[in-house]
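Structure first, then comments.
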Amino acid sequence: MSMLVCLPFVGAQDTLDIAGGFANAGLLETTINSTFATNPNAVYRLEAGKVHFTKSAIAYDDTTGTLTIIGATDGTKPFVVPFKENDVLQGRHTVRGSLHLENIYFMGAAS
1 MSMLVCLPFV GAQDTLDIAG GFANAGLLET TINSTFATNP NAVYRLEAGK
51 VHFTKSAIAY DDTTGTLTII GATDGTKPFV VPFKENDVLQ GRHTVRGSLH
101 LENIYFMGAA S
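Taking my numbering, the leading residue of the sequence shown gets 1, the next gets one more, and so forth.
Structure follows, in structure tokens:
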């Protein structure tokens, strides 16, 4: 007698590594905003021990997806910090969908 086991297909998640530091300011939100439509469940992994400056708002809009931002674990937790340019603060981050943050410091902004 043979037995057939059927398992549900689980789609693979792409992990996108995001470099930190002042030279890469804006890379996090630019990457998220340009890729979530085609890959709503991608994992964005931030470089450990670095500050990740955001120069504009994260605008994630997929009610069936999950925005996942994690910190690499090979060093200290990375920071996500809004960058004020010409005394103007970026817009507010918006997530229409699920949100998962892990192993990062996410700084707010004071006007």
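All C-beta atoms in this analysis are idealised placements derived from N, C-alpha and C, irrespective of residue type, glycine included.
For residue j and residue i, believed in contact at Cβ under 8 Å, the rounded distance
i: E47; j: A23; result: That pair is no contact at about 12 Å.
Same chain, Cβ closer than 7 Å to residue i, five either side skipped, listed in chain order
i: K55; result: A25, G26, F83, E85 and Q90
i: N103; result: I70, G71, T73 and K77
i: S34; result: none
C-alpha distance - residue i paired with residue j, whole-angstrom precision
i: K50; j: T66; result: 24 Å
i: G20; j: G75; result: 13 Å
i: I32; j: D17; result: 11 Å
i: F53; j: G97; result: 23 Å
i: L99; j: L28; result: 15 Å
Contacting residues, own chain, Cβ-Cβ under 8 Å from residue i (five flanking each side not counted)
i: F36; result: A42, Y60, D61, D62, G65 and L67
i: M107; result: F79, V80, V81 and P82
i: D14; result: N39, A42 and V43
i: R92; result: A57
Residues bridged to residue i [DSSP beta-bridge criterion]
i: G71; result: L46
i: S98; result: T66
i: P82; result: T54
i: T31; result: Answer by DSSP bridge pairing: none, since T31 is not bridged.
i: F106; result: V80
i: A59; result: T94
i: D17; result: R45
Proximal residues to residue i (C-beta, below 6 Å), its chain only, five neighbours per side dropped
i: I173; result: No statement about residue 173 is possible, as the shown extent of the chain runs from 1 to 111 and does not include it.
i: T94; result: A59
i: Y105; result: K77 and F79
heavy atom of the ligand FMN below 7 Å from residue i C-beta
i: T73; result: The ligand FMN is not part of the structure shown, which contains no ligands of any sort.
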